[in-house]
Every structure is written in structure tokens, then in C-alpha cells.
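>
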Amino acid sequence: MEQRDFYLREIEKIGLLLTSIRQLLFGGRKENLAITVDAQINKTKDILLKKADFDLDLFLSLEPNKIEEYLTKRQGFDANNT
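The following block contains the structure:
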């Protein structure tokens, strides 16, 4: 069931992307596009935080020398890629 939910979310993201491309090519209300993209970004950040204990905003604010330290603290992450 979880995998099905994942696929449905991915399909929704593809739909948003296609809608964005269509609006860019053929015009449309860009303010709605911005709201939709911002909402999707926030939703994705929330999912990352809740399901993977990964704070994207914190990660993006880290200094390069702190990134590996942050990632290696995440459960299931293997810095050696093995």
C-alpha cells in the first residue's frame, strides 16, 4: 500500500510538471502555477522530514564540510555507497 501511495504522489508530481510546461508554452495563469509549485515543494519537504527524518532546509543551509556529517547520521544512509 505504501508503494502505491508513493507511485500516486509521483504521478501527481509529473502532472504538475506537465501542467507547468503547458502553461509556459500556451500561456495561462502563472500565479496559480507558482502557488502549486510552492505547495508541492512544501509538501515534499514535509514528507522528507516525517518519513526520512531529513530536514531539507537545514541540509541546504549547511556548510560543505558539515554535509557528510549530517548525511551519515541518517538511518539507512551509507557514505561508502556499498
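If you count by the numbering used here, then the sequence shown holds residues 8 to 89, one letter each, in order. Even for Gly, the Cβ is constructed at its ideal location relative to N, Cα and C. Just so we're clear, the structure is a prediction, and the values are computed from it rather than from any experiment.
Count Cβ pairs between the region 15-29 and the region 44-55 that sit closer than 8 Å; are there 3 or more?
yes
> Which class does R81 belong to by DSSP, given the choice of helix, strand or coil?
coil
> Would L63 and L55 qualify as a contact pair, given that the criterion is a beta-carbon distance under 8 Å?
yes
> How long is the line joining the alpha carbons of L78 and F84, rounded to whole angstroms?
7 Å
> Please list the terminal residues of the continuous alpha helix (DSSP H) segment that includes E9.
9-33
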